[in-house]
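Trainee: Can you keep this structure in mind? I'll have questions shortly.
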Amino acid sequence: MRIVHIDTGRELRGGQRQLLRLALGLRDRDHEQFVVCLEGADLEERAWAVGLRVFALPAQDLGHANGIFQLRQQLLAAPVDILHAHDGRGQTISWLASWGLPVRRVASRRVTFLPGTRARHRFIYGRTCHAVIAVSEHIRELLLETGVPPGRVEVIPDGIEIPATTPTAGQRHEARRAWGLEDRHFVVGQIGAFTPEKGQDIALEAVASLVEQLPEIRLIFAGETTADFLSTFPMSTETLRERVQFLGRLEDLARFLAAIDLLIMPSRAEGLGSAALIGMAQGVPVVASRVGGLPEIVSDGENGWLVEPGSSQALAIAIAAAAGDRARLKRYGQAARERVRQFSDVIMLQRTEALYSRLLGLKSR
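Taking the working numbering, the leading residue of the sequence shown gets 131, the next gets one more, and so forth.
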């Protein structure tokens with residue numbers, strides 16, 4: 131198959147990492163591909179670095195009109211089988227660039243917010259593509275509620291690489307030392323972009339309320355901070371200043387996960403929650419909000435805790451419960467690692483390739 135992946139994100143976040151994981155896996159299965167992305171985006175640099183062909187949409191291009199025209203010319207000169215859009219704007223580009231061409235269009239849906247009207251949403255996913263990949267059952271239900279035909283929606287969760295082993299005590303010690311953390315600390319971590327739906331403000335409120343009860347608590351964030359967030363961060367007290375660190379965007383999440391005891395996801399909205407999968411694969415239990423696709427990953431009382439979204443008090447109670455029972459924390463970590471075997475990148479790759487094959491009327495492997 132000849133496959134084109136389209137994504138218009140500027141930063142390398144969860145969706146872009148999934149695109150790369152899928153493209154590299156398909157390349158290993160002898161499929162020809164190239165990536166369409168914004169000129170100067172993180173994805174452009176990373177795709178080139180791993181040996182994928184790239185078509186960069188020109189900068190300063192109003193509505194991507196010039197880029198769409200150029201992409202269409204390329205599709206006419208060298209026809210492809212599948213156009214896979216990995217975000218909303220990418221889906222529009224895919225549709226306009228391939229209008230009238232004998233190509234199958236696939237759209238991935240990762241987010242929970244919907245366009246302004248049901249009719250518009252139904253048109254976008256019912257007319258501009260031949261199949262929609264929902265990353266969770268929650269996303270699938272949202273699509274069906276707006277009138278997208280059930281047969282057009284396929285649930286294929288994110289895939290992750292599951293390490294052969296979990297971090298050793300030595301690796302944990304070294305990871306903590308790198309950020310000035312000690313073995314006696316109870317370290318809570320959060321991974322994600324600093325956007326309102328991720329709930330970093332809730333995490334800070336929860337930790338602030340636990341300082342007297344858990345004086346050894348520490349909170350570390352992985353993700354690029356924003357000036358708006360830092361301007362509202364309540365660091366006026368010394369107790370918070372010495373307990374909270376913003377580590378910025380990290381390429382080596384394995385070291386981050388080796389350093390923490392507990393991963394939190396106090397999200398207000400979440401399509402699936404790939405950060406939870408990454409942490410659980412390393413044997414780290416999770417406290418997550420009961421929103422979106424997170425309950426499809428985290429089972430309350432089995433491999434983690436589910437709490438009321440938006441409640442710093444509920445989050446604080448769960449963190450305290452985790453810190454107060456290390457045996458249960460370890461048991462949940464082991465169960466979490468077993469749970470994510472159902473979300474391996476091999477399964478994601480096989481199911482996506484099978485979807486492409488069905489759209490093309492081919493026999494899947």
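From the three backbone atoms N, C-alpha and C, an ideal C-beta is built for every residue, glycine too.
Taking the straight line between their C-alpha atoms, what separation do you get for Gly218 and Arg239?
Mentor: Start at 1 with the first residue of the sequence shown, and residue 218 comes out as number 88. Start at 1 with the first residue of the sequence shown, and residue 239 comes out as number 109. Near 8 Å, if we compare the C-alpha coordinates of Arg239 and Gly218.
Trainee: Distance check for Arg467 and Pro287, CA to CA, integer angstroms please.
Mentor: Looking up residue 287 in the sequence shown gives position 157. Looking up residue 467 in the sequence shown gives position 337. Each residue's Cα considered, the two are about 16 Å apart.
Trainee: Taking the beta carbon of Lys328 as the centre, do at least 16 other beta carbons fall within 10 Å, making it buried, or is it exposed?
Mentor: On the sequence shown, position 198 is the one that residue 328 refers to. The residue in question, Lys328, is buried, as its Cβ has 16 or more Cβ neighbours within 10 Å.
Trainee: With 16 other CB atoms within 10 Å as the buried threshold, where does Val421 fall?
Mentor: Here residue 421 refers to the residue found at position 291 of the sequence shown. With 16 or more other Cβ atoms within 10 Å, it is buried.
Trainee: Along the chain, where does the beta strand (DSSP E) that runs through Glu267 open and close?
Mentor: The sequence position of residue 267 within the sequence shown is 137, counting from 1. Looking at the DSSP string, Glu267 is not in any beta strand (DSSP E); the run it does join, the alpha helix (DSSP H), is Glu267 to Glu275.
Trainee: Can you give, in chain order, each stretch of the beta strand (DSSP E) that sits fully within the segment 191-236 and has at least 3 residues?
Mentor: DSSP runs (the beta strand (DSSP E)) wholly in the segment 191-236: 212-215.
Trainee: For Leu74, count neighbouring Cβ atoms within 10 angstroms of its own Cβ and tell me buried if that reaches 16, exposed if not.
Mentor: Given a span of 131 to 495 for the chain in the structure shown, any question on residue 74 remains unanswerable.
Trainee: Measuring only the C-alpha atoms, how far is Asn433 from Gly256?
Mentor: The residue you call residue 433 lines up with position 303 of the sequence shown. The residue you call residue 256 lines up with position 126 of the sequence shown. In a straight line, the C-alpha of Asn433 is about 37 Å away from that of Gly256.
Trainee: Considering only the beta carbon of each residue, do Gly155 and Val374 sit closer than 9 Å?
Mentor: Along the sequence shown, one-based indexing puts residue 155 at 25. Along the sequence shown, one-based indexing puts residue 374 at 244. Their beta carbons are not under 9 Å apart, which means Gly155 does not touch Val374 by this criterion.
Trainee: Taking 8 Å as the cut-off, does the segment 132-145 touch the segment 170-187 (at least 3 CB pairs, one atom from each stretch)?
Mentor: The answer is yes - the segment 132-145 touches the segment 170-187, with three or more Cβ pairs under 8 Å.
Trainee: I'd like to know if the segment 477-488 and the segment 437-456 are in contact, where contact means that at least 3 CB-CB pairs between them fall below 8 Å.
Mentor: In short, these stretches do not touch, since the Cβ pair count stays below three.
Trainee: Do you know offhand how far Phe243's Cα is from Gly300's?
Mentor: Your numbering for residue 243 matches position 113 in the sequence shown. Your numbering for residue 300 matches position 170 in the sequence shown. Cα to Cα, the separation comes out at about 43 Å.
Trainee: Report the option in His268, Cys167, Ala177 and Ser404 whose CA atom is closest to the CA atom of Ser224.
Mentor: For the purposes of this step, residue 224 is identified with residue 94 of the sequence shown, where counting begins at 1. Among His268, Cys167, Ala177 and Ser404, the Cα nearest to that of Ser224 is on Cys167.
Trainee: Using 8 Å for Cβ pairs, my map puts Ala215 next to Gln221. What's the rounded Cβ distance?
Mentor: Within the sequence shown, the letter at position 85 stands for residue 215. Within the sequence shown, the letter at position 91 stands for residue 221. With a Cβ gap of about 4 Å, Ala215 and Gln221 count as contacting.
Trainee: Is it right to say Ala457 is buried, meaning 16 or more other beta carbons lie within 10 angstroms of its own, or is it exposed?
Mentor: Here residue 457 refers to the residue found at position 327 when the sequence shown is read from its first residue. With fewer than 16 other Cβ atoms within 10 Å, it is exposed.
Trainee: Report buried or exposed for Gly139, applying the criterion of at least 16 other Cβ atoms within 10 angstroms of its Cβ.
Mentor: As a working mapping, residue 139 is identified with position 9 in the sequence shown. Result: buried.
Trainee: From the DSSP output, in three-state form, read off His303 for me.
Mentor: Translated into positions along the sequence shown, residue 303 becomes position 173. Note: His303 maps to helix in three-state DSSP.
Trainee: Suppose you measure from the CA of Gln163 to the CA of Val233; what does that come to, to the nearest Å?
Mentor: By 1-based counting over the sequence shown, the position of residue 163 is 33. By 1-based counting over the sequence shown, the position of residue 233 is 103. If you take the alpha carbons of Gln163 and Val233, they lie about 14 Å apart.
Trainee: Decide if the segment 388-401 is in contact with the segment 262-277; the criterion is three or more beta carbon pairs, one per stretch, under 8 Å apart.
Mentor: In short, these stretches touch, since the Cβ pair count reaches three.
Trainee: May I ask you to list the residues that DSSP assigns as paired with Cys167?
Mentor: Position 37 of the sequence shown, counting from 1, holds the residue named residue 167. For Cys167, which the question treats as bridged, DSSP gives the partners Ala186.
Trainee: Excluding the five sequence neighbours on either side, which residues of its own chain have a C-beta within less than 6 Å of the C-beta of Pro297, listed in chain order?
Mentor: Mapped onto the sequence shown, residue 297 falls at position 167. Contacts found: Ala388.
Trainee: Determine, using beta carbons only, whether Ala333 and Gln320 come nearer to each other than 9 Å.
Mentor: Locating residue 333 in the sequence shown gives position 203, counting from the first residue. Locating residue 320 in the sequence shown gives position 190, counting from the first residue. Yes.
Trainee: Going by C-alpha distance, which of Arg176, Asp391, Phe386 and Glu354 is nearest Gly378?
Mentor: Counting from one through the sequence shown, the residue named residue 378 turns up at place 248. Here the closest residue by C-alpha is Glu354.
Trainee: When you compare the segment 405-412 with the segment 340-347, are there three or more beta-carbon pairs, one atom per stretch, that lie closer than 8 Å?
Mentor: In short, these stretches do not touch, since the Cβ pair count stays below three.
Trainee: Could you please give the first and the last residue of the uninterrupted alpha helix (DSSP H) stretch that includes Gly401?
Mentor: To locate residue 401, count along the sequence shown from 1; it is residue 271. Premise fails: Gly401 is in no alpha helix (DSSP H) and is neither H nor E.
Trainee: Phe199: buried (16+ other C-beta within 10 angstroms of its C-beta) or exposed?
Mentor: The residue you call residue 199 lines up with position 69 of the sequence shown. Classification for Phe199: exposed.
Trainee: Apart from the five residues just before and just after Ser474, which ones in its own chain have a Cβ nearer than 8 Å to its Cβ?
Mentor: To locate residue 474, count along the sequence shown from 1; it is residue 344. Hits under 8 Å: Gly289, Ile290, Glu291 and Ile292.
Trainee: Shortest alpha-carbon distance to Gln480 belongs to which of Val437, Val285, Leu192 and Ala171?
Mentor: Working through the sequence shown from its first residue, we reach residue 480 at position 350. The shortest C-alpha separation from Gln480 is found at Val285.
Trainee: Could you compute how far the alpha carbon of Ala352 sits from the alpha carbon of Leu370?
Mentor: Your numbering for residue 352 matches position 222 in the sequence shown. Your numbering for residue 370 matches position 240 in the sequence shown. Going from the Cα of Ala352 to the Cα of Leu370 covers about 17 Å.
Trainee: Suppose the cutoff is 6 Å on Cβ atoms and the five residues either side in sequence are ignored; what does the same chain contact list for Phe359 look like?
Mentor: The sequence position of residue 359 within the sequence shown is 229, counting from 1. Phe324.
Trainee: How far does the alpha helix (DSSP H) with Ser419 in it reach, from first residue to last?
Mentor: Taking the sequence shown and counting its residues from 1, one reaches residue 419 at position 289. Careful: Ser419 lies outside any alpha helix (DSSP H), inside the beta strand (DSSP E) at Val416 to Ser419.
Trainee: If you follow the alpha helix (DSSP H) that Phe386 is in, where does it begin and where does it stop?
Mentor: Counting from 1 along the sequence shown, the entry for residue 386 is found at position 256. Note, Phe386: alpha helix (DSSP H), Leu383 to Ala389.
Trainee: Please return the same chain residues whose Cβ sits closer than 6 Å to the Cβ of Thr356, not counting the five positions on each side in sequence.
Mentor: Counted from its first residue, the sequence shown places residue 356 at position 226. Closer than 6 Å at the Cβ level, and outside the excluded window around Thr356, lie Phe324.
Trainee: Taking the alpha carbon of Ala249 as the point to measure from, which residue in His303, Arg159, Glu381 and Pro279 has its own alpha carbon closest?
Mentor: Your numbering for residue 249 matches position 119 in the sequence shown. Minimum Cα distance to Ala249 is reached at Pro279.
Trainee: Let me check understanding here. Comparing Cα to Cα, which of Leu231, Asp382 and Leu349 lies closest to Ala207?
Mentor: Here residue 207 is taken as the residue at index 77 of the sequence shown, counted from 1. Of the candidates Leu231, Asp382 and Leu349, the one whose C-alpha sits nearest the C-alpha of Ala207 is Leu231.
Trainee: Would you give the residue range spanned by the alpha helix (DSSP H) that Gly145 belongs to?
Mentor: Position 15 of the sequence shown, counted from the first residue, corresponds to residue 145. Element bounds for Gly145: Gly144 to Asp158.
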